[in-house]
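Structure record follows, encoded as structure tokens.
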Amino acid sequence: MPDESTKRPRVAVIMGEEHWRAQFTPELRRRLSEAANLTAPVQVNSLSDPALAGQLADIEFLITGWGAMPLSSDALDKMPRLRGLLHSAGSVRGLVTSDFWERGITVSTSADLNADPVAEFTLASIIMAGKKAPFLAAELRAEAAKDPRSAAGPGRMGNARRTIGIVGFSRIGRRVLHLVRQTLHETTCLVVDPFADRREVAEAGAHLVSMEEMLARADILTLHAPLLPSTRHMIGARELSSLADGAIIINTARGALIDEEALEGELVSGRLSAILDVTEPEPLPPTSPLYGLTNVFITPHIAGALGTETQRMASAALDELERLSSGQPLERELTRQQYEVSA
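Written out as structure tokens, the structure reads:
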């Protein structure tokens, strides 16, 4: 009688050990073992791990996550039976190449679930920025005996009748727009994205405009574009100088979307304020003047999925494995075209 495990697809888990422990709860590991014939060891962070050497030729699916080493063409050559990669984290950029699609290997990603916490964090940042809460709190710590509201700096306060500029009508950009429209009243939302459809943006409750118009009108500018050669430093000295005095920049996307040197100059002057979850470089050097500015609020890249949020992403990857194994269509497939313009 054939071993039941041989009927299940051969699967390897490629991710960092700490992420494996945090994401895959005992219940999720049980699901994985029931759905797959697992390699031994189950989890490694690289296909070059000697422990996998004699097993690569049989692997049909990879489950990947944070901490996984890039998957080269040479590695794919050693896995002739590989049918799919199921990513339990955010972006697959830097992990896979176009070689996957050229070989007919299906790629699925849970990045859509990473968009929710980023959008929620961004909404919270927008609301707090409207009240200047992070900046006033810093002023209060600096001068406890003084009413910090008298040092609020340029720009209006409050969240009514504000103009929010959203750069990138991406997964996250769309969610941010949706949350803003649901939460804040009398708010005008502007979108900049060369690939966005004007009608679709309008139906979502925003106006598709040029970068020049957005910069001239935005009280708060929030970035949600992918980091591509064409978007690196898309917000430079000229763009920053076009923002009104007191405008606030929120970056939960990629630090390199902004020219850090130009941004530093504007922030040191006090003309602009910023909430930065990402920077260039990341982290900033200890000598960066931004750490000492009360008009800058820096968080250590925490907007994306953390803790319990990542477990949803692991569960989604297992859902995809079960669909593939039973011949059902995927729900989170990433096409080559999507990959080329995604973060």
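Under our numbering, the letters of the sequence shown match residues 272 to 614, in that order. We put the beta carbon where it would ideally sit given N, CA and C, even for glycine. Every value quoted in this text rests on a predicted model; they were computed, and no experiment measured them.
Cβ shell of residue i (< 7 angstroms), same chain only, five flanking positions each side left out
{"i": "P273", "result": "Note that P273 scores 48 on pLDDT, short of 50, meaning its location in the model is unreliable; the coordinates nonetheless yield the value given after this. Closer than 7 angstroms at Cβ, skipping near neighbours: no residue."}
{"i": "P351", "result": "A328"}
{"i": "E531", "result": "T550, E551"}
{"i": "Q599", "result": "none"}
{"i": "A508", "result": "D530, A533"}
{"i": "A216", "result": "Absent from the model: residue 216. The displayed extent of the chain is 272 to 614, so no value can be given."}
Neighbourhood of residue i by C-beta, 6 angstroms cutoff - its chain only, sequence neighbours within 5 removed
{"i": "G436", "result": "L461, M485, A489, L492"}
{"i": "S596", "result": "P280"}
{"i": "R446", "result": "A386, A390"}
{"i": "R542", "result": "D516"}
{"i": "L318", "result": "A346"}
{"i": "L494", "result": "V438, N522, A524, L528"}
{"i": "W291", "result": "Q314"}
{"i": "R503", "result": "A527"}
{"i": "F295", "result": "A585"}
{"i": "G444", "result": "I437, H495"}
{"i": "T482", "result": "Checking the sequence, you will find Met at residue 482 rather than Thr. Closer than 6 angstroms at Cβ, skipping near neighbours: V463."}
Closest by C-alpha distance to residue i, when choosing among the options
{"i": "V622", "options": "S359, D530, A487, D345", "result": "A query on residue 622 cannot be resolved here, the shown segment of the chain reaching from 272 to 614 and no further."}
{"i": "E537", "options": "H504, S501, L514, H478", "result": "L514"}
{"i": "L411", "options": "E535, H456, P600, T565", "result": "T565"}
{"i": "L384", "options": "L366, A360, I376", "result": "A360"}
{"i": "H456", "options": "G444, V472, M584, R432", "result": "R432"}
{"i": "T458", "options": "R300, G401, M482, H504", "result": "G401"}
{"i": "S343", "options": "Q326, S362, L366", "result": "L366"}
{"i": "L299", "options": "F392, M482, Y610, M584", "result": "M584"}
{"i": "T434", "options": "G563, G476, A404, S441", "result": "G476"}
{"i": "L589", "options": "G444, T393, E305, D348", "result": "E305"}
{"i": "R594", "options": "L303, S481, E474, N316", "result": "L303"}
{"i": "A324", "options": "R374, K349, D548, A307", "result": "K349"}
Rounded Cβ spacing between residue i and residue j (contact assumed at less than 8 angstroms)
{"i": "S613", "j": "R364", "result": "7 angstroms"}
{"i": "L357", "j": "L592", "result": "6 angstroms"}
{"i": "F406", "j": "S512", "result": "At roughly 21 angstroms, the Cβ-Cβ gap does not stay under 8 angstroms, so F406 and S512 are not in contact."}
{"i": "R353", "j": "I330", "result": "According to the sequence as given, residue 353 is Leu; it is not Arg. About 6 angstroms separates the two Cβ atoms, so the contact holds."}
{"i": "I546", "j": "L528", "result": "Going by Cβ atoms, the distance from I546 to L528 rounds to 14 angstroms, so no, they are not a contact pair."}
{"i": "A467", "j": "L450", "result": "Contact doesn't hold; Cβ gap of about 18 angstroms is too wide."}
{"i": "R603", "j": "S381", "result": "6 angstroms"}
{"i": "I573", "j": "L561", "result": "With a Cβ gap of about 17 angstroms, I573 and L561 do not count as contacting."}
{"i": "L601", "j": "S441", "result": "Rounded, the Cβ-Cβ distance is 20 angstroms, inconsistent with contact."}
Closer than 8 angstroms: residue i CB and nearest the ligand HEM heavy atom
{"i": "R470", "result": "Summarising the ligand content, the structure contains no ligands, and the ligand HEM is consequently not present."}
Beta-carbon contacts of residue i that lie in its chain and below 8 angstroms, excluding the five residues immediately before and after
{"i": "L577", "result": "P388"}
Three or more C-beta pairs closer than 8 angstroms, one from the region 513-533 and one from the region 396-403: is that the case here? Touching, yes.
Could you name each continuous alpha helix (DSSP H) segment of 4 residues or more that falls completely within the region 400-474, going from the start of the chain to the end? Those alpha helix (DSSP H) runs which fall completely within the region 400-474 and span 4+ residues are 404-413, 442-454, 469-474.
Secondary structure, beta strand (DSSP E): runs of 3+ residues fully inside the region 304-378: The region 304-378 contains these whole beta strand (DSSP E) runs: 308-315, 332-335, 355-358.
Stretch-stretch touch, CB-based, cutoff 8 angstroms, three pairs: the region 284-297 with the region 332-349: Touching, yes, given that three or more Cβ pairs across the two stretches are closer than 8 angstroms.
Enumerate, from N- to C-terminal direction, the unbroken alpha helix (DSSP H) stretches of 4 or more residues contained entirely within the region 486-567. Correct list: 508-513, 531-540.
Counting pairs of Cβ atoms below 8 angstroms between the region 553-561 and the region 578-591, do you hit three or more? Counting C-beta pairs with one atom in each stretch, the region 553-561 and the region 578-591 have fewer than three that are closer than 8 angstroms, which means they do not touch.
Validate contact between the region 425-436 and the region 367-377 using beta carbons, cut 8 angstroms, 3 pairs: Look at the beta carbons and you see the region 425-436 not touching the region 367-377: under three pairs across the two are nearer than 8 angstroms.
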